[in-house]
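Mapping the sequence shown onto the numbering used here, position 363 (from 1) lands on 363, and the numbers just tick up by one.
Virtual Cβ for every residue (Gly too), placed ideally from N, Cα, C.
What you are looking at is a predicted structure, and each value in this text was computed from that prediction instead of being measured.
Below: the structure, in structure tokens.
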Amino acid sequence: MIDHNGRKIDYLRVSVTDRCNLRCKYCMPDGIRSVPMSQILTFEEILAIVREAASIGIRCVRLTGGEPLVRLGMPDLVRKLKAVPGIEKVTMTTNGILLQENLPALTGAGLDAVNISLDTMDRAQYRAITGTDGLDTVLSAIPAACASGLRVKVNAVSLALGEDNIRALISLAKDLPVDIRFIEMMPIGYGKDFPVRDSENRNLESSYRSYGDRENTKSEKKEARPKDFHEDPEGICRSRFGVVDHRTLLDQLQRMYPGMKKEDSVHGFGPAVYYSIPGYRGSLGLISAIHGKFCDSCNRVRLTSQGFLKTCLCYNEGTDLRAVLRAGLSEEEIRRTLREQMRKTIYEKPDAHCFEVPEKITEKAGMSAIGG
Numbered sequence: 001m002i003d004h005n006g007r008k009i010d011y012l013r014v015s016v017t018d019r020c021n022l023r024c025k026y027c028m029p030d031g032i033r034s035v036p037m038s039q040i041l042t043f044e045e046i047l048a049i050v051r052e053a054a055s056i057g058i059r060c061v062r063l064t065g066g067e068p069l070v071r072l073g074m075p076d077l078v079r080k081l082k083a084v085p086g087i088e089k090v091t092m093t094t095n096g097i098l099l100q101e102n103l104p105a106l107t108g109a110g111l112d113a114v115n116i117s118l119d120t121m122d123r124a125q126y127r128a129i130t131g132t133d134g135l136d137t138v139l140s141a142i143p144a145a146c147a148s149g150l151r152v153k154v155n156a157v158s159l160a161l162g163e164d165n166i167r168a169l170i171s172l173a174k175d176l177p178v179d180i181r182f183i184e185m186m187p188i189g190y191g192k193d194f195p196v197r198d199s200e201n202r203n204l205e206s207s208y209r210s211y212g213d214r215e216n217t218k219s220e221k222k223e224a225r226p227k228d229f230h231e232d233p234e235g236i237c238r239s240r241f242g243v244v245d246h247r248t249l250l251d252q253l254q255r256m257y258p259g260m261k262k263e264d265s266v267h268g269f270g271p272a273v274y275y276s277i278p279g280y281r282g283s284l285g286l287i288s289a290i291h292g293k294f295c296d297s298c299n300r301v302r303l304t305s306q307g308f309l310k311t312c313l314c315y316n317e318g319t320d321l322r323a324v325l326r327a328g329l330s331e332e333e334i335r336r337t338l339r340e341q342m343r344k345t346i347y348e349k350p351d352a353h354c355f356e357v358p359e360k361i362t363e364k365a366g367m368s369a370i371g372g
């Protein structure tokens, strides 16, 4: 499927749930209400959408959430998605808590790859960010996933947690064939409340102000840092930690690893820029939505757990496919209408996001509602 800018759209991210077993402060902190299960797409509805999406050019499906593995029956969904004509790869993004126990069933169903979300290797920081003590569980799941034959990537949101944390995360790629990817925070949902700082958590007064930190000086005067991770009831955002912009991060990484070299190869369907480090089995990746804007090559659309097809995270635009599925139409009418609405929506995919101009952002939902 080609959009009006000539971009080939072949990648569909499918959120199977808005629920999660962690409470990450930038994504789904305590207090967020889940939608009723009756509003969530059934697996058969997901399959109906994917079948028609594949017929117009979608080739890769990534299962996300929330946390996809909190929903029962995921291996069966993977197996059925793999059987859809035209679908070449089925992958998953997970926080890793439930991954290891599900690996045999997932690999048996044909899952091709897994991305594991892990922002820190420090137990206190992990607990502060996620609200749980699950770090050891995630760390044991990473080599297990590699051993199972899955292609494994570790995704870390670029929080200002210090150089030691950067080194610790990248060390996972020393002896394991995993890609360690740092993801620049986008100013949507709770992410917009994180101030922009350097990796050691020092304010960058001259930074762009697209994360809700539009009055740096005022906010710093009003809010003193808490004495420990747990004193901010809203989480670590705004006071304890900020986010690191990727111009700063790349400069730091090049100082830390002077031998790192940019790779020409593409790892999968995503927008990351990869670097090799001498002596490391895995690669280092940067996904820089703000300071490495890749909209001109964007190949993806998103299906929320409630059946809304989104073409850009920045805008509240798209089409309600659940309404088509539940309108009482015949099977042939459903298939035709799904194809028509997806074609139209994908063709009209916005030229680019506007994260650098916050007042133009129309998306108000958080990532747990949209799908990570």
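Under 8 Å between C-beta atoms of residue i and residue j
i	j	result
residue 84	residue 110	no
residue 49	residue 338	yes
residue 274	residue 267	yes
residue 15	residue 65	yes
residue 155	residue 115	yes
residue 35	residue 96	no
residue 342	residue 166	no
residue 322	residue 45	yes
residue 78	residue 160	no
residue 7	residue 354	no
residue 106	residue 68	no
residue 176	residue 328	no
residue 180	residue 284	yes
residue 304	residue 361	no
residue 186	residue 47	no
Beta-carbon contacts of residue i that lie in its chain and below 7 Å, excluding the five residues immediately before and after
i	result
residue 346	1, 3, 9, 301, 311
residue 23	29, 30, 130, 131
residue 278	259
residue 335	52
residue 250	286
residue 280	173, 174
residue 320	307, 308
Buried versus exposed call for residue i [16 or more other C-beta atoms within 10 Å across all chains shown]
i	result
residue 272	buried
residue 39	exposed
residue 37	exposed
residue 125	buried
residue 169	buried
residue 42	exposed
residue 261	exposed
residue 349	buried
residue 52	buried
residue 174	exposed
residue 286	buried
residue 73	exposed
residue 210	Here residue 210 scores only 38 on pLDDT, less than 50, and its place in the model should not be relied on; the value that follows carries that caveat. So residue 210 counts as buried.
residue 54	buried
residue 307	buried
residue 255	exposed
residue 117	buried
residue 62	buried
residue 326	exposed
Sequence-distant residues of its chain with Cβ nearer than 6 Å to residue i (five each side left out)
i	result
residue 269	11, 60
residue 19	34, 66, 70
residue 184	158, 246, 288, 289, 290
residue 120	126, 161, 165
Host beta strand (DSSP E) of residue i (start-end)
i	result
residue 344	That residue, residue 344, is in no beta strand (DSSP E); its alpha helix (DSSP H) goes 331-347.
residue 264	Looking at the DSSP string, residue 264 is not in any beta strand (DSSP E), and its letter there is neither H nor E.
residue 179	178-183
residue 284	284-287
residue 16	Note, residue 16: premise wrong, no beta strand (DSSP E); not H, not E.
residue 310	308-310
residue 302	300-303
residue 297	Note, residue 297: premise wrong, no beta strand (DSSP E); not H, not E.
residue 274	273-276
Segment limits, alpha helix (DSSP H) that includes residue i
i	result
residue 174	163-175
residue 127	123-130
residue 251	246-256
residue 325	321-325
Close beta carbons around residue i, own chain, < 8 Å, minus the five adjacent residues each side
i	result
residue 113	89, 91, 92, 150, 151, 152, 153, 268
residue 5	296, 349, 351
residue 264	none
residue 146	152, 176, 177, 178
8 Å Cβ cutoff, residue i in contact with chain C
i	result
residue 10	In the displayed structure, chain C is absent; only one protein chain is listed.
beta-carbon residue i near the ligand ATP non-hydrogen atom, thresh 7 Å
i	result
residue 284	In the structure on display, the ligand ATP does not appear, and there are no ligands present to speak of.
- request: Please specify which runs of the alpha helix (DSSP H), each continuous and at least 4 residues long, are wholly inside the stretch 36-119, giving them in chain order.
  value: 43-55, 74-82, 99-109
- request: Counting only runs of 4+ residues fully inside the stretch 133-158, write out the alpha helix (DSSP H) ranges in chain order.
  value: 135-147
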